[in-house]
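Visitor: Protein chains in written order, with this note's numbering: chain W, 1 to 334; chain B, 1 to 334; chain U, 1 to 334; chain X, 1 to 334; chain R, 1 to 334; chain S, 1 to 334.
Glycine included, C-beta positions come from ideal geometry on N, C-alpha and C.
And the structure:
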């Protein structure tokens, strides 16, 4: 097995403690995150060999970001330094019917100003066997889109598996590029699709609903349109409120449709990065298990992420398999 | 629209973090609160023009209190300074079946020693169109009762709307005044009644139950007894335990009885000041909407308060209307 | 009533805040605990006269431990000082389906190196009327087992009540002693059995199930085997996940079988020490009430412990009786 | 040796971290203190047998105060409970040329409302051999003054040593009593005088300067006026600024005048309670050493207090004698 | 006296506690600052009527910034909201020979993107009698430079006093404007010059040294070149290391040269904003006192700022005059 | 240049904030350290390629330790996992004349139980060019001594430079080995001696004083006794008190004696690990500069360590050379 490669922005996340707002306390905490980085760190916590590629500021904030990534054993040797500042986001964590609130400061960040010349993809992918991308990166800037494209192109040339999580966030995409066209172009390099009805509708221009039959039909159409795509994985979230969700997952791999049981997350600690945890669980799982076991693994990993503060999933293979073995009561052995 | 006026004690609230007791940690946090101040700040957070009138200590604690109130944009220019200390309360936040515990240090505070001469009501109410009072103030001292009376009298002379939240807390009322007589006198100046069966029974000497029919009959009797009162609003709390409540509200405005849906608050952050949040929602809502929409607005505002730490409701009109629009799942948009 | 005596290790518990892992933050909090100490402090919080006997390090950590115990009014005059360090455990608190994780550093601690000569039992038990032991102490080392035996022997000679909580934790018991034999020997000195099916099966070599009939039959067999045992008390925990449990309790006192209602703990703050809280409730309750009332008291005390951070139950008689009186809604009076 | 008795108010001290002001952060820390309590705890930390007598609130704040005192091994069995709140003070710690700032909330506290009937002095002094008082207690209220007098009278009847630290703080003394008369009356019961030129001038109505000759002459006059006083001890502070002081001490015991070397405190952590640390050092020292050695011990104890946060001196006999042995370089041995 | 007007960027400052680096702890604190805002808040703390004009982000970070400014009583009604994020800076506080380190994220901030149309200067200066500017604002962007120019032009038309602190920071000025030309243009509107040899050399193109004679000659040349400038004030810092400085000040007002005594700051808490504290002291002082007294006031205010954490000077007139009265020993009165 | 290898215990350091004692607060912070690890991390912060070899616990504490080391870019691939717990030490930081206090819990730790079989030295030293050892490791246990010996033997066979810091701490060395003999044996493998008069006297059995002539003569004798040793480096600390030290350094390299200037550390943040910072500075410096420049570099690095909290020196080459260039005033450039 070669190295798993992720490429994307590293953001500093700054947040008051528990459910406070910034107006309530000047004591805050920071983590680092970013959708592709979250995937990378989660896989590293499963024991995988991962490299994250990015651009960070050439100062003590960028150094702190790199040291944070290195802490989890992720390879940081292809991260490039920039005169631009690191992107930041501020988060106020909601509760019950109060939604969380986010304020971004990323539009002129080190990563958003990246250009293809900043990354030597030949070196960066030297040991790579899998590359993962998301819909956030092409939304940030033309430079980010182009740099990602260059990487994916080489990845496909090298025969690497390419997983796509084409999350569509309309608030981004401000630099003039048409989102649909960009995502279609990038999906042309991809072999695994991680995403739901919304993303499929966005790229196909369809109008599927959320039922299982819709998912199945949508997946089939997607795989017809993008023949490189072999499998489609989807995660379904049911929200009682900000503090209480249920998670299940479903898949179509061209052969069988499967769906997992609901996992009931009665007391959410932090829901940021739970989608990334699902993707990481899949990427790890598909290299270890059959498709359905990987889906179950990803679904449980996603559920566990809700119990960890910060963007990244700190869970281990042991914790996930413990749940898959039926122990969801949180009983611990001394 | 003129200025909304509140008058009441400013208390410093000191509390250990999360659910700790004082015996567990010497690291604590403080906020400021007080039932009428909570109303004022909540209205300011809705965008209202509010002035809070009070007396605070002439030292760095009093200055910190004023700066706290000013932070939210509430007018503090009628707050008077005193040689007496600011009132303090200590709070240990309960959980599940453990009730919260409170220890007050307010009986000789700056506010409780107030006398009518301390407030120039003519100046203070200059731009006022609405005045709000609660049953806490007259319970504190004769001076506080008399000062409030002087203000209400002038408010009525000026034709201001007067809302009353005659919360009856038997642990106060130590200075010899009969609570019932005092509340009756003050209700004589009032046009909006915010309170439930307990308060009505207290002032009417009746024995109504909690059913809707009782509420309706009680409201009618109240409005007969106090002809200035035009509308009665009530909030009903169902408690599973300290951490899980449901909230709904009902009203009688002389024309129609209405009741809102239950809002399920599955993970309470802080229930202090939720009644004040309801009152603030009503005062703001009645100036923007019809009576039932105001009731719904107040009920949702009250529910949201349970998600904010501290005495005051930090919610915004946008957050409240988001819930009224049916989004109670806490989903946030990036 | 004489003094209640507990004997066991004092551990320093070190834990990140809320649900964090050590890898997430270098800011942590410590408490002291240990199963028998937890019982002692809980009884002291009920107003009981308790002495805890142990060995701690002769340095500022040992002094801090003693001062922590003294803070609650527990008699520390029979604690002996040692050149060995105090035992430590590290705790990561889980949530929902994530179990808590524990790392112990106790195998060469001050207490585990104790020998019978370190404790002058004649002096230590001078005012004692009740002694409580658990299955943790004999599991730690031969010295701890022998020292406990010496104490229990004298306690019985003096006619003291002896309660046993023979918790069987297989991860301990590393010094060569057969657990079953040790527990059987110690149960020979005991008059009250606090424990469930697992512990009975362990010492009887039986295979009873968890149903009430099994419990009744198991208790009868236990009392036949150990004729000094007069009463058996058991606590039953139903776990939805790490954050949501239900607790009920049952008993057989040779005359009647009784069972309490379920108490629903919807938002667990800390489950460590809840078994000790049950034992403490029983020991206190059996000296104040009849057996069933004691069982109810213990069950409610156990439930309340889930709302307090740290190993020890900070609840009071007033809080417990408040619940027994039917108020489980956490309503507080101001 | 019998028990050392102190009598005085227990205050909760609330302070922002490091040099912050309350306006800067809502995260604060609390300790307990009070001039006589500080003396008691410091002596307990030296290993002395001490009882502190006071009145605290009958709630969780009073309980926390008692537990704090008990933590240090001070006997709390003569502390009485009151319906009045515990006194509080707020502290902003200065730095360099910025003075610290204090705000008191104590004028109607549990202790200030004490009356002689609240204390059973016969029981309280049962094992007493030494009683210590300060000029703060008689300044608070007539009740406090009378209660102290009753205690001192009995202490003298029992032949106990009585040490007086008649600190004169003009901001107190609001209840009508003439300070000079009160202090004179109380000094009539005293055998050890701990105080400087200011206090002597206050009670004698003299105008001595600060030079050694003045101190000697003033002490002689004091001992002529109050024939029970056998020894006079004085501490001299030289302040460069809020963060850098020097301390030395001098004495007249009727036989010899002695003066210690300056101790240079280059980085003050907390100067509150340093005078109490001096008194505690003397009370402990005079029972262990000759007068001059006691003076040196007290002076070093006072200097060390400047390195401990909070009101109370946490230093040990070992630390103090280490300095007296000439090691003031803070070198530690591993 | 009219309102004092400041115009400049509001920055969020994020910093680890005490002397930690970001790599050491994820727990940090934030304040708001910015050189002109620091001046505004300091003057408000002296009791002055001040308005700060700026642009902040239209989200919860911008709201928190406004509430922070409002807390101190500064008029925020001319602050404009922007879609761009608020500027941020990260600070690691040095000690002894370790310098502090700063990382800015401000180049595309709400304020740096300001254009003259964003501010209605007629309204903004309606009550203004004094306007203060610094060399930071024109360095940020052409828009900021132009907007400032528009304001200063109107201020002069209205006959307002204009104070200039043309701090020259070469790391800024990236948008193409020649710094010297910009400062010369802005000085043409100014009547008070607050700055030292470096700034004079920058704008005159001279090469003066730091001696008093140089300062005198430089000031005279400056006033010849800029005939509107009536007075020149300079602050001189002598640094032993990051933790220990001395401050004195000097002036030339066209009539007399004066110099203050050194103030010895032996334990620096925070040196950020000390120059702004000097400017604020001058602006306030020149409206209350003669020039030399104002210089002394400003110098003492500057020294006191070193004892407050954060960008802004929290000192009061009372604290400053206490020092001017000769009390630099930090003694406090209770 | 090859890899620099360090071998030694990783300790978890737990300490209250600022100058607090454990009895004062249950909120503490942890770092990781250990004399050889401190050297490794400091060199990594200078940009060196370093591997640290050790044994840590196989649990979340050991994982956190490894992640801490990895964070700084130190190679952790030769760290072995153990069933034994990680060593811990508790630290109370002193101030002024109060010494710091330390409590160790390391005698049965993962590292102290190491045996030569646990480390594959061939693999571990594969890329090594320099190995560093200290007198702590052989003092811990026979296994640690033997494992170190095996490593040093191979290092010499491979022609690696071996630096020795034979710190003699008498409180360790409890397992029966004669310290002098052990150090002599290990010095036989060493080429660089980092240590002072005390260490030389210990191994030579001499009685040299601290003057420069003594140092020179002692160094010469040392190099005669141990012919592999080519250079001797010594650091001299002058302590005013716990908070204020001076540092200078001297050397004899067989050719010339040199001594650096005193560096005045007026406000110490943390003095733990300052000797290790000196060793790291030398090891890095000797590979970059001539001997005297390396000595100066090491001395400045040591001084800078006093400004960083925790065991490890976070300083960079840039910071050190800034001081060597004469800038000791802590001025920072924006």
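1. Between the alpha carbons of residue 123 of chain U and residue 126 of chain X, how many angstroms are there, rounded?
2. Is the region 13–22 of chain R touching the region 86–102 of chain R, taking contact as three or more C-beta pairs under 8 Å?
3. Are at least three pairs of beta-carbons, each pair with one atom in the region 75–83 of chain W and one in the region 44–64 of chain W, less than 8 Å apart?
4. Under 8 Å, with one C-beta from each stretch per pair, do the region 306–319 of chain U and the region 272–286 of chain U reach the 3-pair mark?
5. Looking at residue 109 of chain U and residue 103 of chain S, is the spacing between their C-beta atoms short of 8 Å?
6. Of all the CB atoms in chain R, is at least one closer than 8 Å to the CB of residue 109 of chain X?
7. Shorter than 8 Å from the beta carbon of residue 67 of chain X to some beta carbon of chain U?
8. 8 Å is my cut-off, CB to CB: does residue 361 of chain U come that close to chain X?
9. Tell me the rounded alpha-carbon separation between residue 269 of chain B and residue 311 of chain B.
10. So with CB distances below 9 Å, who are the chain W contacts of residue 27 of chain X?
11. Taking CB distances under 8 Å as the criterion, tell me whether residue 38 of chain X reaches chain B.
12. Beta-carbon within less than 8 Å of residue 206 of chain X's beta-carbon, same chain only, minus the 5 sequence neighbours each way: which residues are those?
13. Checking 8 Å against the spacing of the C-beta atoms, do residue 136 of chain R and residue 8 of chain R come in under that value?
14. In terms of residue numbering, what span does the beta strand (DSSP E) encompassing residue 239 of chain X cover?
15. On the DSSP letters alone, give me the boundaries of the alpha helix (DSSP H) that residue 137 of chain S sits inside.
16. Return the residues of the region 307–319 of chain U that lie within a Cβ-Cβ distance of less than 9 Å from chain B, sorted by chain order.
17. If you draw a straight line from the C-alpha of residue 234 of chain B to the C-alpha of residue 285 of chain R, how long is it?
18. So what does residue 56 of chain R bridge to, in DSSP terms?
19. Using a Cβ-Cβ distance under 8 Å, would residue 240 of chain S count as near chain X?
20. What number of angstroms, rounded off, separates the C-alpha of residue 243 of chain R from the C-alpha of residue 19 of chain R?
21. Just how far apart, CA to CA, sit residue 59 of chain U and residue 66 of chain X?
22. Going by the CB atoms, is the gap between residue 26 of chain R and residue 31 of chain W shorter than 8 Å?
23. If you follow the beta strand (DSSP E) that residue 221 of chain S is part of, which residue opens it and which one closes it?
24. Are at least three pairs of beta-carbons, each pair with one atom in the region 164–180 of chain X and one in the region 113–123 of chain X, less than 8 Å apart?
25. Does the distance from the C-beta atom of residue 5 of chain S to that of residue 283 of chain S stay below 8 Å?
26. Looking at residue 36 of chain W: is its Cβ nearer than 8 Å to the Cβ of residue 134 of chain W?
27. So, for residue 238 of chain W: in the same chain, excluding its five sequence neighbours on each side, which residues have a beta-carbon less than 7 Å away from its beta-carbon?
Guide: The short version:
1. 24 Å
2. yes
3. yes
4. yes
5. no
6. no
7. yes
8. Nothing about residue 361 of chain U can be reported from this structure: the residues present for chain U run from 1 to 334 only.
9. 11 Å
10. 25, 26 and 27
11. no
12. 200, 218 and 221
13. yes
14. 231–241
15. 137–140
16. 307, 308, 309, 310, 314, 315 and 319
17. 56 Å
18. R:81
19. yes
20. 11 Å
21. 25 Å
22. yes
23. Counting along the chain, residue 221 of chain S falls outside any beta strand (DSSP E), though it belongs to the alpha helix (DSSP H) covering 212–225.
24. no
25. no
26. yes
27. 245 and 246
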